[in-house]
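Novice: Got a structure here, written out as structure tokens. Questions coming.
Chains as they are written, first to last, in my numbering: chain S, -9 to 879; chain W, 3 to 106.
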């Protein structure tokens, strides 16, 4: 017969084995099992030796674990408790969790409306937040596909460096180990008889891949000789283009018709590599011409080892001094001033940061509001069950047990919300990327398991946070006292104060979201109020890329054919082309020379090469003289008398102050030959929507000694037709007319305008949705707390109405209380908003971040919502029938 | 109601409870099985099976707080004994006519 061992004897049992057995055995059996095991263990040590005994206990332990776990699950799900353990119930933790989970599930299914509301609100917050987090991670934080990416930097004044400048410093840029130049090269790719497709790419100097520290997955990158004049045309292609070409290793050495030129593929980059944009699919060497002064290149360099961006001041000073000494600059485009270098990450995705951060913040606030809402709902439920909880407490349930049950209810809600939130994240992921207009950067964000992991993590954190409020309320009060007061119907303050505090938090957060939305609405309003000087409505855009092997004359002819093809489409009123669209901050400057004004300080203006009818199509107003006609397009290159040009008002004001510019002559842009000014048009936002209007020359397309490969065909539709509806037929017409032309993009000028309005516009849709959600959740919170308040005081109302209190006084009392709650929330929210508003500075335009109109509107909206939400329980209270209430009590 | 047929291990545990008599607690049941079947039996498996048998009302447990400390003591119920008898009967029926020595 075994005796109960002393503690020192028991210590001989391996402690881990003992802990495992203890953790998996029901409370009533623990001592017995451990004592018996210890006794047998000691017997075995005495008989067979310590090693054998240890082997035995570990075998017992290992073989028992699966049985004990299964038993815990079974007891948890069936609720089985043996007769002999009734006085000391309780299983291992696993069994308790399962039982609590079942209990929570039963309680939730009994209140489906509460459960559904809690799960949905939490799921929206969790789903939205994790989707935005996933996008932000992909776009802003994922490592770039370059070796030591923090050492790769872009130079100031992008797309404006010349080959001459690059050649001057090549191999000896101070502070850099190597520097490459590149410029966009969107080429046509012709495969067999299929219509030409557009391949976005860049043309770069041979150092490019060395600067990026990137190796080809197959074949090679650029050789030092690839960018020498006269070298054979070669190309490095992206993984995706390689797959499209058949995904065959024999692609190396294959000749493709790229940009109209036979080009040999020499390398394939690894999957995931991109530069300078995720959409780039081909890299070709730019054959260097050290005399070329066309400013269209961007410089990217790798910092010399040991250098960091912060320590570049001295090398940059050296560089700018040399630039100033060796090159002449106009003050407007002086490269020897305001020099900086920025890491590639900062240059590429830095501008997206405010949009993503603001969306994330708004989503996180929704999540917090949802948490506060569910916590308040749960608190109300706990209050409603106070008698039940008190009885359970009197029957021996500890506060810890009851708190655990609350936590399991919150965890169950959170778990379900996490699952639904994961689905919401998956569904909203692509929509969010499109709505945030991340463009090509959106491709870097991938929906993967991490988004779901974040959703579940957020759900668990939320559950714990949510269960804090009711647990706190439970621990603070004396549960057993409730039994005494529950039947008297006395007014109890416990819980209602905490619930009110949660509603105040909700309202404060809703103020933040609403006022933020107000600021965005006001900014966008102001931006749309800017007159861009052109008519965007009813104008469609089809951007095309012509093969670069066509001669300039032929290219002009093809362009003319394309315009004609679009112009004759049914529903199209007018069509024309331009080499650079307005509202896209496109540069394309050229030096200006005015006849008879030799002393004019050298400067440049924007130049737009247009076909006849462009100014009319865009609705740019004529102020003086005439617009460009079809006859102006028949320019004879041999004719030295020059052509014609139209200028805008800014140019007239700047170069012909107080004079009549008509009939005067300026160079048209790319040659020093003079062209006669035949008209003056109103200023249109050829650069950015914001900022001052720039001087512009509109020259006939054929005026330039070359015709751009990329042309934007713009067409005005008849009447109320939607231009987007005609894009498909315009595409078909272009392909039918000229299969060698690739289509880069089809859009509308309204969309171009919307993009130019900037991040505030992109955020508006999402923030508007979130604001509606915040207000809805706030309303539910206020409704919930006021309903509980009214329910608790029902007996009071009954007595007072019986004594002659007018129902309208009850109504005003309840609404007043609700309004006071909202007012406190609004004040807290305002203080927080004033403190945080500066974070929104980059998103607002021409208003203060503390704009009184936006803030005032949000206050009014919240007060209205608050009064409306309090009104329903107030009406209920005012209709209290004293007889019924008093009888119930 | 059709009689309960016990699983092999359930049958062993029931029989061990009967063999142990008044001294049928978890560890003694385990030892009984080990001694009679000559194989290692995990204490966890014994307790899990006893719980299942108790849930099916084939055994009943009481708490014995005598000099040896608090123990959960098991005894076979009447329906437990019937189930054992039934299980044996079923087994015997199955064995009837089986000749292991015969070649097929």
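Backbone N, C-alpha and C fix where the C-beta goes; we use that ideal spot for every residue, glycine too.
1) Chain W partners of residue 55(S), CB-CB under 9 Å?
2) Show which residues of chain W have a CB atom less than 7 Å away from the CB atom of residue 60(S).
3) Apart from the five residues just before and just after residue 294(S), which ones in its own chain have a Cβ nearer than 7 Å to its Cβ?
4) When we look at the beta-carbon of residue 603(S) and count the other beta-carbons within 10 Å, is it buried (16 or more) or exposed?
5) With three or more C-beta pairs closer than 8 Å as the rule, is the segment 662 to 677 of chain S touching the segment 686 to 697 of chain S?
6) What do you reckon, are the CB atoms on residue 62(W) and residue 56(W) nearer than 8 Å?
7) Report the three-state DSSP secondary structure of residue 5(S) (helix, strand or coil).
8) For residue 255(S), which beta-bridge partners are listed by DSSP?
9) Comparing the C-beta of residue 477(S) with each C-beta of chain W, is any distance below 8 Å?
10) Quick check on this structure: which residue in 40(S), 22(S), 46(S), 35(S) has the alpha carbon closest to the alpha carbon of residue 43(W)?
11) Taking 8 Å as the CB-CB cut-off, is residue 79(W) touching chain S?
12) Does chain W have any CB closer than 8 Å to the CB of residue 481(S)?
13) Below 8 Å on the Cβ atoms is my guess for residue 768(S) versus residue 809(S); work out the distance and round it to an integer in Å.
14) How about the segment 17 to 26 of chain W and the segment 6 to 24 of chain S: do they share at least three Cβ pairs that are nearer than 8 Å?
15) Where does the unbroken alpha helix (DSSP H) through residue 172(S) begin, and where does it stop?
16) Could one say the Cβ of residue 38(W) lies closer than 8 Å to chain S's Cβ atoms, at least one of them?
17) Could you round the C-beta distance between residue 171(S) and residue 289(S) to whole angstroms and report it? I think they count as a contact, below 8 Å.
18) Are the beta-carbon atoms of residue 204(S) and residue 259(S) separated by less than 8 Å?
19) Short of 8 Å in beta carbon distance, which residues of its chain neighbour residue 3(S), apart from the five on each side in sequence? Order them along the chain.
20) Can you pull the chain W residues whose beta carbon is under 9 Å from the beta carbon of residue 883(S), in chain order?
21) Is the shortest distance between the beta-carbon of residue 72(S) and the beta-carbons of chain W less than 8 Å?
22) With a threshold of 8 Å between beta-carbons, can residue 83(W) be considered close to chain S, or not?
23) Considering just the uninterrupted stretch of the beta strand (DSSP E) at residue 273(S), what are its terminal residues?
24) Is there a Cβ of chain S sitting closer than 8 Å to that of residue 57(W), yes or no?
25) For the segment 19 to 52 of chain S, which residues have a CB atom closer than 9 Å to at least one CB atom of chain W, in sequence order?
26) Would residue 514(S) and residue 750(S) qualify as a contact pair, given that the criterion is a beta-carbon distance under 8 Å?
27) For residue 717(S), collect the residues of the same chain with a Cβ closer than 7 Å to its Cβ; drop the 5 residues on either side in sequence, then sort them by chain order.
28) With 8 Å set as the bound, which would you pick, yes or no: does the beta-carbon of residue 871(S) sit closer than that to a beta-carbon of chain W?
29) Could you give the DSSP three-state label for residue 936(S): helix, strand or coil?
30) Buried or exposed: residue 53(W), going by 16 or more other Cβ atoms within 10 Å of its Cβ?
31) Can you check the segment 769 to 798 of chain S for any alpha helix (DSSP H) of at least 4 residues that lies completely inside it and give the ranges in chain order?
32) Could you pull out every residue in the same chain whose Cβ sits closer than 8 Å to the Cβ of residue 831(S), ignoring the five residues on either side in sequence?
33) Short of 7 Å in beta carbon distance, which residues of its chain neighbour residue 616(S), apart from the five on each side in sequence? Order them along the chain.
34) What in chain S is Cβ-close to residue 62(W), meaning under 8 Å?
35) Does the segment 84 to 95 of chain S touch the segment 74 to 93 of chain W, meaning 3 or more C-beta pairs lie closer than 8 Å?
36) With a threshold of 16 other CB atoms inside 10 Å of the CB of residue 828(S), please say whether the residue is buried or exposed.
Specialist: To lay it out plainly:
1) The answer, in chain order, is 44, 46.
2) In chain order: 50.
3) Excluding positions up to five away in sequence, the list reads 165, 166, 167.
4) Per the 10 Å Cβ criterion, buried.
5) Yes, since at least three Cβ pairs between the segment 686 to 697 of chain S and the segment 662 to 677 of chain S fall closer than 8 Å, the two stretches touch.
6) Yes, these two residues count as a Cβ contact at 8 Å.
7) In the displayed model, residue 5(S) falls within a helix according to three-state DSSP.
8) The partner list for residue 255(S) (beta bridge, DSSP) reads 225(S).
9) Interpretation of residue 477(S) is limited by its pLDDT of 47, a score under 50 that renders its predicted location unreliable; no figure is taken from the coordinates.
10) Ranked by how close their Cα comes to the Cα of residue 43(W), the residues 40(S), 22(S), 46(S), 35(S) have 46(S) in first place.
11) No Cβ of chain S is located within less than 8 Å of the beta carbon of residue 79(W).
12) Reliability fails at residue 481(S), whose pLDDT of 44 lies under 50, so the model's placement of it is uncertain and the value that follows must be treated cautiously. Chain W, which has no Cβ nearer than 8 Å to the Cβ of residue 481(S), makes this no.
13) Wrong, their Cβ atoms sit about 13 Å apart, outside the cutoff.
14) In short, these stretches do not touch, since the Cβ pair count stays below three.
15) Bounds of any alpha helix (DSSP H) do not take in residue 172(S); it lies within the beta strand (DSSP E) bounded by 166 to 174.
16) No, residue 38(W) lies away from the interface with chain S (no Cβ there is under 8 Å from its Cβ).
17) Residue 171(S) to residue 289(S), Cβ: 6 Å. Contact.
18) Going by C-beta atoms, residue 204(S) is nearer than 8 Å to residue 259(S).
19) Excluding residues up to 5 positions away in sequence, 24, 27, 28, 31, 47 lie with their Cβ nearer than 8 Å to the Cβ of residue 3(S) in the same chain.
20) In the structure as shown, chain S begins at -9 and stops at 879. Residue 883(S) is therefore absent and cannot be evaluated.
21) Yes, its Cβ sits closer than 8 Å to a Cβ of chain W.
22) Cβ-Cβ to chain S under 8 Å: no for residue 83(W).
23) Going by DSSP, residue 273(S) is part of the beta strand (DSSP E) stretching over 272 to 275.
24) It does: the Cβ of residue 57(W) has a partner Cβ on chain S nearer than 8 Å.
25) Within the segment 19 to 52 of chain S, the residues whose Cβ lies closer than 9 Å to some Cβ of chain W are 19, 21, 22, 23, 25, 26, 27, 29, 30, 46, 49, 50, 51, 52, listed in chain order.
26) Yes, the Cβ-Cβ distance between residue 514(S) and residue 750(S) is below 8 Å.
27) Only 530, 532, 736 meet the Cβ criterion.
28) No, residue 871(S) does not count as interfacial toward chain W.
29) Lying outside -9 to 879, the shown extent of chain S, residue 936(S) is not represented and no answer is given.
30) Its Cβ being crowded by 16 or more others within 10 Å, residue 53(W) is buried.
31) Qualifying alpha helix (DSSP H) stretches, in chain order: 784 to 792.
32) These residues qualify, in order along the chain: 839.
33) Cβ-Cβ distances below 7 Å link residue 616(S) to 668, 669 in the same chain, with the five nearest sequence neighbours on each side left out; the list follows chain order.
34) Ordered by position in chain S, the residues that pass the 8 Å Cβ test against residue 62(W) are 73.
35) Below 8 Å, too few C-beta pairs join the segment 74 to 93 of chain W and the segment 84 to 95 of chain S to call them touching: fewer than three.
36) The residue is exposed, with fewer than 16 neighbouring Cβ atoms inside 10 Å.
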